[in-house]
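A.B. asks: What follows is a structure written as structure tokens; I'll ask about it next.
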Amino acid sequence: MSKTVLILPGDGIGPEITAEAIKLLEALRRDHGLDITLEQGLLGGAAIEATGEPLPAETLAKAQAADAVLMGAVGGPQWEAIERSRRPERGLLALRSGLGLFANLRPALLYPQLAEASSLRTDLVAGLDMLIVRELTGGIYFGQPRGIEIRDGQRVGFNTMVYSEAEIERIMRVACELAMKRQRRVCSVDKANVLEVSELWREVANRVAADYPEIELSHLYVDNAAMQLVRAPKQFDVMVTGNLFGDVLSDCAAMLTGSIGMLPSASLDAHGKGLYEPIHGSAPDIAGQGKANPLAMLLSVAMLLRYTFADKALADRVERAVGRVLDQGWRTADILSPGMRLADTITMGDAVVAALAD
Ligand code: NAD
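The sequence shown begins at -10 in our numbering and counts up by one.
The following block contains the structure:
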């Protein structure tokens, strides 16, 4: 049955890179049997301009009805003066929570052709392929009580780090299921030497992993995990952690790969529905100039095919096409190195579509 994908171009470079994603999806539909219906909607600054709201009710309804959502990026300087609750980024947060997307998948994958872009030694990162699974709807970012209040005559700020067994269990299951399709190793990151919430996290992690006898589960304290990420990142397959630790570690892992223009992400609900987006923002400094690297967006399409469509063959085909285009020497400005061919956004998208056939 045809699956529906809602496309939300957003702001800045969002529409430019989204156009390349549509081109890719249409080529897959035309030449590779992808049965798909594309719809479009408004989110972020573009939605504010048209409706006054960063997430119009119509967009949320379309997203709830779709099988997957593919988003460019939102935000820009022209909306920074707006009251916080009505800014473009709020639209994205509301969309994530409106869809119940609790599992954030952040691959850190370094194509060997780009190993020199990393701040780490080439031998430490070439061929890096790890996946961080971050819990996205719980933990300290949402825990109650929270606030700033006067205690003993001075202001005190406080938040609450809280996880229920059910929340830990469902994110651990996502991590284990994903690891079963990879190298079957899961590293759970916590701070169980100090935090009770982490003690429970570790206990539930062990219990869930026992259901997956083929999975090798390890545990790291978050401080050690940060060290290991920059010391020897290739030791990891799947890393699973809570909202706060995952926020920090996934950005750290992203930088190991050198360019944020290369990294996709997925946020999934309990039924395989997902929101797919590049990890970068709307890059207003290069918007409208044809300089945006569309590869993070095209690799987000590959994740969509892999996780919502469960079409490994097509996902692999897209990822192979990206590798081939890099082999051909095509580079957008953000990943350009001496001797390579400079591509604008459209040229890069065309090259990936052409490489699909191989
Ligand atoms: P950014 O990721 O937009 O840009 C950081 C730097 O990376 C810029 O120099 C930019 O030109 C470059 N860059 C980013 N993506 C690129 C690409 N595909 N190709 C080439 N270069 C690329 O981060 P920022 O500048 O801090 O934020 C800009 C706006 O984006 C802000 O309004 C911010 O709130 C928003 N933002 C949105 C998201 C999202 O939509 N998920 C994420 C982060 C930031």
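Here a beta-carbon is modelled for each residue, glycine too, at the ideal position from N, C-alpha and C.
How many whole angstroms separate the CB atoms of E266 and M60, which I take to be in contact at a CB cut-off of 8 Å?
C.D. replies: 4 Å
A.B. asks: Select from K12, L(-3), I(-4) the residue whose C-alpha is nearest the C-alpha of T334.
C.D. replies: K12
A.B. asks: Exposed or buried, L302, counting other C-beta atoms within 10 Å across all chains shown (16 or more means buried)?
C.D. replies: Before going further, note that residue 302 is Ala rather than Leu in the sequence given. Exposed is the call here.
A.B. asks: Spatial neighbours of A243 within its chain, please: C-beta separation below 8 Å, excluding the five flanking residues on both sides.
C.D. replies: So the list reads R95, A97, I249, L252, I268, once near-sequence residues are dropped.
A.B. asks: Compare the C-alpha of R110 against each of P222, D300, T(-7), R18 and name the closest.
C.D. replies: P222
A.B. asks: Measuring straight from C-alpha to C-alpha, what distance separates I121 and V163?
C.D. replies: 11 Å
A.B. asks: Return yes when the Cβ of G128 is within less than 8 Å of the Cβ of N232, no when it is not.
C.D. replies: yes
A.B. asks: I need the straight-line Cα distance from G132 to R173, nearest angstrom please.
C.D. replies: 32 Å
A.B. asks: In this structure, how does DSSP classify G263 when only helix, strand and coil are distinguished?
C.D. replies: strand
A.B. asks: On the premise that L90 lies in contact with L264, defined as a C-beta separation below 8 Å, what is that separation, rounded to the nearest angstrom?
C.D. replies: 6 Å
A.B. asks: Please confirm whether any heavy atom of the ligand NAD lies closer than 7 Å to the CB of K280.
C.D. replies: Result yes, Cβ under 7 Å from the ligand NAD.
A.B. asks: By the three-class DSSP mapping on this structure, what secondary structure does L14 have?
C.D. replies: helix
A.B. asks: Buried or exposed: where does A299 fall if 16 or more other Cβ atoms within 10 Å of its Cβ makes it buried?
C.D. replies: A299 counts as exposed, since fewer than 16 other beta carbons sit within 10 angstroms of its beta carbon.
A.B. asks: Between L81 and the ligand NAD, is the CB less than 7 Å from at least one heavy atom?
C.D. replies: yes
A.B. asks: Enumerate, from N- to C-terminal direction, the unbroken alpha helix (DSSP H) stretches of 4 or more residues contained entirely within the stretch 60 to 116.
C.D. replies: 77 to 87, 111 to 114
A.B. asks: Which residues mark the beginning and the end of the alpha helix (DSSP H) in which L311 is found?
C.D. replies: Leu is not the amino acid found at residue 311; the sequence shown has Val there. Unbroken alpha helix (DSSP H) run through V311: 301 to 316.
A.B. asks: Does the Cβ of I(-4) lie closer than 7 Å to at least one heavy atom of the ligand MG?
C.D. replies: As far as ligands go, the structure on display features the ligand NAD and does not contain the ligand MG.
A.B. asks: Can you tell me which of the three DSSP states S177 falls into?
C.D. replies: strand
A.B. asks: Answer yes or no: do S271 and G1 have a C-beta to C-beta separation smaller than 8 Å?
C.D. replies: yes
A.B. asks: Taking the C-alpha atoms as reference points, what is the distance between L14 and A181?
C.D. replies: 44 Å
A.B. asks: Could you check whether L103 and I324 sit closer than 8 Å to each other, using their CB atoms as the reference points?
C.D. replies: yes
A.B. asks: How about A62: is its Cβ closer than 7 Å to a heavy atom in the ligand NAD?
C.D. replies: yes
A.B. asks: Report yes if the C-beta distance between V290 and V307 is below 8 Å; otherwise report no.
C.D. replies: yes
A.B. asks: Drop a sphere of 10 angstroms on the beta-carbon of A198, count the other beta-carbons inside from all chains shown, and report buried for 16 or more, exposed for fewer.
C.D. replies: buried
A.B. asks: Indicate whether the contact test is met: 3 or more Cβ pairs, each with one atom in the stretch 71 to 88 and one in the stretch 36 to 55, closer than 8 Å.
C.D. replies: Yes, the stretch 71 to 88 touches the stretch 36 to 55.
A.B. asks: Going straight from the alpha carbon of G87 to that of Q29, what length do you get?
C.D. replies: 18 Å
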